[in-house]
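Numbering (this note's numbering), first residue to last: 3 to 665.
All C-beta atoms, glycine included, are put in the ideal place defined by N, C-alpha and C.
Note sheet for the following structure.
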Ligand code: K7E
Ligand code: CUA
């Protein structure tokens with residue numbers, strides 16, 4: 003009896019020990035356990051601030067603590083600011099504004115610093131207003147390579163090149179044939195060309211012709227800017243353009259994968275309306291919307307290159323332009339109908355589908371490149387237009403029309419087989435499934451709406467992480483909304499735009515709004531989002547004495563301050579280091595010319611100095627290793643302190659010198 007009891011106790015004890023041991027092992031295998039709810043103080047903050055569980059989720063999903071880094075960088079057009087804005091994702095914080103077409107006194111861009119793109123084109127000004135529209139990251143095999151960024155300026159028909167090693171604008175080209183654009187910039191899959199499309203037709207070559215001669219003498223233009231990656235420059239002499247009919251060409255996208263070698267350009271005003279409401283003509287907004295169909299332009303750029311090589315071009319202002327006639331004869335240019343007032347045109351990741359939004363139509367129209375190629379091969383034309391361009395039969399090239407909602411504009415793609423289209427009038431983003439012939443397959447059946455999320459308000463473009471490449475990253479989508487109305491504190495009658503971050507990582511009807519971001523500096527039309535690890539930015543310039551404009555060591559670099567007078571010019575070589583300029587006293591005679599070279603000899607990251615002589619309109623920024631040159635005539639006698647404008651050290655205020663202009 004007693005023996006049996008003690009055995010039972012022994013077994014029970016062993017079991018208890020086993021269970022305790024098991025719990026111990028399991029707990030340690032799982033690591034320290036997490037609290038089951040929010041910490042009490044966090045709960046208190048959430049309650050005090052009236053945050054809903056959704057708000058708390060969104061905050062946790064987007065918060066990036068100091069010292070940790072964002073996963074993506076979004077390069078957004080700065081619209082009327084004329085600049086590019088770099089924003090980190092998911093934090094939606096501005097990292098930097100890159101000056102492009104408009105002066106910036108922080109970096110000295112347009113304030114007398116010679117080695118800048120703006121100075122190269124316009125000297126000391128005046129600088130025209132600008133409106134940047136569509137940024138385009140450089141691509142290798144259809145993926146972003148993180149090397150360069152291009153952006154178009156609608157107002158003046160310009161395209162700029164930004165080098166992403168130092169995030170500075172290196173070049174601005176003005177179109178020699180045309181004075182405005184809209185579809186700029188877009189790149190071919192290996193950045194052979196940067197594509198720029200005109201918008202409002204004019205006589206080519208900056209000429210005059212009366213509006214009565216619109217049909218005969220006004221034209222559109224598709225420009226292929228040749229990009230030289232080694233030089234980091236567009237080469238104007240190797241570039242060319244294609245004459246287009248005076249329909250208002252709008253947006254473009256370059257083919258990729260299945261459609262590599264093609265460019266697609268939508269248009270409106272196939273009516274050739276010229277306005278004149280004051281004379282009893284229909285106003286523009288009615289005049290350009292009479293036709294049920296406008297034209298999608300389908301351009302074979304590889305064949306266009308061949309035509310140029312064969313000399314089938316004319317020169318306008320010394321720029322090579324392929325006439326419409328040659329383009330048609332050479333199989334370069336085709337049209338096909340697209341429904342009423344189209345806007346965006348976007349190519350799917352595999353390149354099979356071309357999606358066109360119709361501002362006044364609840365559908366997007368999807369064309370397939372296989373059908374387009376077949377129709378071209380079998381000459382399946384419904385007619386030729388008034389300029390002799392073959393029009394491919396709509397039903398032959400149309401793959402699908404998908405009803406999405408009111409005011410579809412732009413489309414982006416992810417890696418789950420979904421497309422996302424902005425609905426301007428519904429002010430929403432709608433998720434829908436692509437057809438079976440592209441790269442990724444959605445779980446649902448093709449050509450169906452599967453999800454929708456409201457935006458605030460009047461969405462224009464949208465950007466998915468790497469969502470216009472051959473390999474979208476998905477995960478996040480940013481809605482670029484034109485109106486913000488009640489989303490932020492009032493900033494007076496001129497309101498910021500609203501960028502909204504949306505989580506698109508899960509399939510089906512699961513789009514989730516995470517964050518609003520006010521942007522009060524112009525209208526960011528389009529944006530591209532690149533994985534941060536693709537960017538290979540410099541921490542400091544590679545060598546002391548670096549000229550960022552040429553990306554090479556400057557012959558004017560110096561490690562010893564000195565002044566040399568040659569003829570009527572005073573050459574000043576200045577070293578810049580915490581916390582002094584050498585020399586500190588600079589004496590010139592009134593009327594002498596001054597050429598001032600400054601070299602920041604620092605190698606320490608973030609040890610930037612400024613240099614300002616406000617009386618002579620000069621402001622510069624000198625990043626570690628940088629050499630800049632400013633030039634002016636000392637035509638105002640007096641005493642002018644020059645000083646460092648960046649709070650670089652405890653003795654920053656002592657970092658100054660005197661420029662004495664003697665009578
Ligand atoms: Cu739709 Cu200029 Cu790309 Cu604005 S454009 S929306
Ligand atoms: Cu250098 Cu302040």
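{"Check": "Per DSSP, which one or two residues make a beta bridge with residue 94?", "Outcome": "Answer is none; residue 94 lacks a bridge partner."}
{"Check": "Taking the beta carbon of residue 491 as the centre, do at least 16 other beta carbons fall within 10 Å, making it buried, or is it exposed?", "Outcome": "exposed"}
{"Check": "Give a yes or no on contact between the region 504–514 and the region 449–458, applying the rule of three or more CB pairs nearer than 8 Å.", "Outcome": "yes"}
{"Check": "Going by C-alpha distance, which of 170, 95, 659 and 575 is nearest residue 539?", "Outcome": "170"}
{"Check": "Would a C-beta distance cut-off of 9 Å place residue 323 and residue 206 closer than the cut-off?", "Outcome": "yes"}
{"Check": "With DSSP as the reference, label residue 33 as helix, strand or coil.", "Outcome": "The pLDDT assigned to residue 33 is 45, lower than 50, so where the model puts this residue is not dependable, and the model offers no usable value."}
{"Check": "Less than 8 Å between the CB of residue 346 and some heavy atom of the ligand K7E, yes or no?", "Outcome": "yes"}
{"Check": "Less than 8 Å between the CB atoms is what I'm expecting for residue 273 and residue 251, so what's the real figure, rounded?", "Outcome": "Not really, about 14 Å apart at Cβ, beyond 8 Å."}
{"Check": "Can you tell me whether residue 472 is helix, strand or coil according to DSSP?", "Outcome": "coil"}
{"Check": "With burial defined as no fewer than 16 other Cβ atoms inside 10 Å of the residue's Cβ, what is the status of residue 32: buried or exposed?", "Outcome": "Any answer about residue 32 is weak, because its pLDDT of 47 lies below 50 and its placement is not dependable; what the coordinates show is given next. Residue 32 should be labelled exposed."}
{"Check": "In angstroms, rounded to a whole number, what distance separates the CA positions of residue 83 and residue 397?", "Outcome": "43 Å"}
{"Check": "What are the boundary residues of the beta strand (DSSP E) that includes residue 153?", "Outcome": "145–155"}
{"Check": "Enumerate, from N- to C-terminal direction, the unbroken alpha helix (DSSP H) stretches of 4 or more residues contained entirely within the region 256–289.", "Outcome": "286–289"}
{"Check": "Rounding to the nearest angstrom, what Cα-Cα distance links residue 533 and residue 74 in this structure?", "Outcome": "5 Å"}
{"Check": "The alpha helix (DSSP H) that contains residue 49, what's its start and end?", "Outcome": "42–50"}
{"Check": "Three or more C-beta pairs closer than 8 Å, one from the region 166–182 and one from the region 194–214: is that the case here?", "Outcome": "yes"}
{"Check": "Could you check whether residue 626 and residue 542 sit closer than 9 Å to each other, using their CB atoms as the reference points?", "Outcome": "yes"}
{"Check": "Which term fits residue 649, buried or exposed, when burial requires 16 or more other beta carbons within 10 angstroms of its beta carbon?", "Outcome": "exposed"}
{"Check": "Residues in its own chain within less than 8 Å of residue 309 by CB, not counting five upstream and five downstream?", "Outcome": "315, 324, 328, 329, 332 and 334"}
{"Check": "Could you give the distance in angstroms between the alpha-carbon of residue 192 and the alpha-carbon of residue 58?", "Outcome": "43 Å"}
{"Check": "Is any heavy atom in the ligand K7E found nearer than 8 Å to the beta carbon of residue 80?", "Outcome": "no"}
{"Check": "Between the region 610–617 and the region 637–652, can you find at least three pairs of beta-carbon atoms closer than 8 Å?", "Outcome": "yes"}
{"Check": "Could I get the ranges of all uninterrupted beta strand (DSSP E) runs contained in the region 362–420, with 3 residues as the minimum, in chain order?", "Outcome": "365–370, 383–386, 392–394, 400–405 and 410–415"}
{"Check": "Run through DSSP, which three-state label would residue 649 get?", "Outcome": "coil"}
{"Check": "Taking the beta carbon of residue 35 as the centre, do at least 16 other beta carbons fall within 10 Å, making it buried, or is it exposed?", "Outcome": "Caution is warranted here: a pLDDT of 47 is assigned to residue 35, below 50, making its placement in the model unreliable, and the coordinate value is therefore given only provisionally. By the 10 Å Cβ count, residue 35 comes out exposed."}
{"Check": "Considering only the alpha carbon of each residue, which of 589, 393, 60 and 468 lies closest to residue 566?", "Outcome": "589"}
{"Check": "Cβ-heavy atom distance between residue 649 and the ligand CUA below 8 Å?", "Outcome": "yes"}
{"Check": "Would residue 274 count as contacting chain D if we go by Cβ distances under 9 Å?", "Outcome": "In the structure shown, chain D does not exist; there is a single protein chain."}
{"Check": "Give me the Cα-Cα distance between residue 111 and residue 433, rounded to the nearest whole angstrom.", "Outcome": "42 Å"}
{"Check": "Using the three-state DSSP reduction, which class does residue 638 fall into: helix, strand or coil?", "Outcome": "coil"}
{"Check": "Going by the CB atoms, is the gap between residue 92 and residue 478 shorter than 9 Å?", "Outcome": "yes"}
{"Check": "Residue 403 and residue 347: beta carbons closer than 9 Å?", "Outcome": "no"}
{"Check": "Distance check for residue 161 and residue 654, CA to CA, integer angstroms please.", "Outcome": "38 Å"}
{"Check": "Is residue 578 near the ligand CUA - that is, is its Cβ less than 8 Å away from at least one heavy atom of it?", "Outcome": "yes"}
{"Check": "Can the beta-carbon of residue 113 be found less than 9 Å from the beta-carbon of residue 85?", "Outcome": "no"}
{"Check": "Could you check if residue 587 is buried or exposed, using at least 16 other CB atoms within 10 Å of its CB as the buried criterion?", "Outcome": "exposed"}
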